[in-house]
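Letter by letter, the sequence shown follows residues -20 to -1, 1 to 392 in mature numbering (1 follows the signal peptide of the UniProt record, and there is no 0). Report on the structure given below.
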Amino acid sequence: MRLTLLLSSLLLVACSSGNAITLRTNDTPLNQLSEVNAKLAFTCVHEKIPTPSTETDVMFQYARWLQKSNQIQQDETVDVEIGRLYRIAAENNHYKANVNLQNGAMRGQFKLTGGERLRLSQQLIDAHVASGYYMIAIYLQKGAAGLQQDENMSLRYFRKAADEGNAQAQTYVADKLAPFRIAPDIARQMRRCAAEQGNSDAAVALGFDLKTDKKYQEALEAFQRGVASGDETAASFLGKIFRNPKPDDRMYYMDQKEDLQRAERYKQISKILNRLSYANPKVPEINEIVPLPPAKLPAWDGKLKWVEEREANIPPPKPSEALIEQLAKAMVLDPKTGKPLPGSPVYSKEDSSHTHVPNTGLHVPTVSAHANPHSYPTPFRTPAMRLRFLNNNVGQRTHNPPTPTWTTRCTP
């Protein structure tokens, strides 16, 4: 009954009969909102991204290599070239290029108008790529890309993105559902789903949640996923639990036998991940370096494959100017910038000043954004500080936060 009343008071609902970004008002009768499923049920779905053409992928791979190589120097002239390549690839339906282009624009690395951001998000949604809903959620949250700031609508897009398979959205929504009086079991499902897709934040949160319930083996596996995904906190934590903490140690005790060699390996890995955290490192071979007990430790030379590949820094094939011209011409783009030209199916004069939400008629001034939706600000200066916070807060089952009105599952 309470949820029904809350639903009837919603100003905006992010569900629709198709993939278009549609807005509903509080004038809509409740019986016309049949597409809203008030249940919190969650089915794990992994995000699927259509395979790009070989030609566009050449551009994407080279642009991504340039971007990684420019992380420290942050040369703006290099950013211009990266943006050009991402633009042309994205306009030719390379969806990873689309996501990277929007992420870079949020950080201020590339320039996109509000209209372009919404159009690119709609392109993802039309291709059934869940990141499209996630981008719209970020823009609504920040009041960016020409959208008025609307926290409630933003949260509903986060939920839609989570249901469609976006790991970042699953992690975000899980944090909202985790408290005891809301839906901790659903939160656990979402975190597990996101962790399976390589989201380190979800893996670490899942580990602490399971640890709180004394499901130690499952918690170990979750933290191990966190290390594989490059999380130095997970590695640091695992390095501590094998140093024989006492049963009354609420922070580190997980009923594990002392194994100092195992602990030392995790400590080494944590240091490497912490040193290179800005570059989003990974340890996919973690089970070959430090398998979980009772497996014995294999020999290890102290090296990580990701680090070796980064240090080798072998560039992928560079796209020829002929290929760039060809792909730009196909979508009537300026090959020098990647921007649409008059006559292009994606050209819009309004991109320079105002933005239309796709298929809604909503018309508001463009607002710039500089946040990165895949990188959240953190007050933790060290992994140990983050460990203490997570151990004290993740999995808490006692407080009574407000009932969420936005977490209803949207039907496909």
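We put the beta carbon where it would ideally sit given N, CA and C, even for glycine.
Using 10 angstroms around the beta-carbon of residue i, count the other beta-carbons present and answer buried if the total reaches 16, otherwise exposed.
i           : result
residue 264 : exposed
residue 258 : exposed
residue 151 : buried
residue 297 : exposed
residue 322 : exposed
residue 54  : exposed
residue 285 : exposed
residue 282 : exposed
residue 5   : For residue 5, the predicted structure reports a pLDDT of 35, less than 50, and the residue's modelled location is therefore unreliable. A value from the coordinates is still provided. Residue 5 comes out exposed.
residue 127 : buried
residue 294 : exposed
residue 217 : buried
residue 414 : One cannot answer for residue 414 here, as it falls past the ends of the chain, which runs -20 to 392.
residue 300 : exposed
residue 204 : buried
residue 134 : buried
residue 129 : exposed
residue 32  : buried
residue 93  : buried
Cα-Cα, which of the options is closest to residue i?
i           : options            : result
residue 165 : 96, 275, 189, 241  : 189
residue 303 : 40, 20, 25         : 40
residue 140 : 130, 153, 300      : 153
residue 95  : 214, 115, 213, 274 : 115
residue 78  : 56, 102, 59        : 102
residue 280 : 287, 245, 274      : 245
residue 183 : 208, 194, 195      : 208
residue 289 : 261, 325, 226, 194 : 261
residue 234 : 242, 243, 224      : 224
residue 120 : 132, 197, 249      : 132
residue 42  : 30, 238, 64        : 64
residue 211 : 192, 195, 249, 99  : 249
residue 237 : 274, 201, 23, 194  : 274
residue 307 : 34, 27, 23         : 34
residue 51  : 27, 25, 89         : 89
residue 243 : 271, 326, 202, 230 : 271
residue 25  : 125, 111, 215, 129 : 111
residue 38  : 59, 278, 66, 49    : 66
residue 239 : 206, 195, 276, 227 : 276
residue 36  : 310, 97, 292       : 310
residue 125 : 106, 100, 143, 138 : 100
residue 196 : 169, 232, 167, 163 : 232
Does any CB atom of chain D fall closer than 9 Å to the CB of residue i?
i           : result
residue 325 : Of the protein chains in the structure, only one exists, and it is not chain D.
Our contact map puts residue i next to residue j with C-beta atoms below 8 Å; I'd like the distance itself, whole angstroms only.
i           : j           : result
residue 221 : residue 109 : With 8 Å as the limit, residue 221 and residue 109 do not qualify as a contact, their Cβ atoms being about 38 Å apart.
residue 185 : residue 171 : 5 Å
residue 158 : residue 137 : Actually they do not touch by this definition, with Cβ atoms about 20 Å apart.
Please find out if some non-hydrogen atom of the ligand GDP comes closer than 8 Å to the beta-carbon of residue i.
i           : result
residue 193 : Absence of the ligand GDP from the depicted structure is noted, as is the absence of any ligand whatsoever, leaving it without description.
The region 169 to 183 in contact with the region 138 to 148 per 3-pair CB rule at 8 Å: yes
Sufficient close CB pairs (3 or more, under 8 Å) joining the region 63 to 82 to the region 308 to 321: Cβ pair count under 8 Å is three or more, so yes.
4 or more residues per run - each alpha helix (DSSP H) lying fully within the region 259 to 285: 266 to 269
Entirely enclosed alpha helix (DSSP H) segments - the region 104 to 131, minimum 4 residues: Qualifying alpha helix (DSSP H) stretches, in chain order: 111 to 122.
Secondary structure, alpha helix (DSSP H): runs of 4+ residues fully inside the region 14 to 102: 34 to 49, 56 to 71, 75 to 86
Segments of 3+ residues assigned as beta strand (DSSP E) that fall wholly inside the region 194 to 225: none
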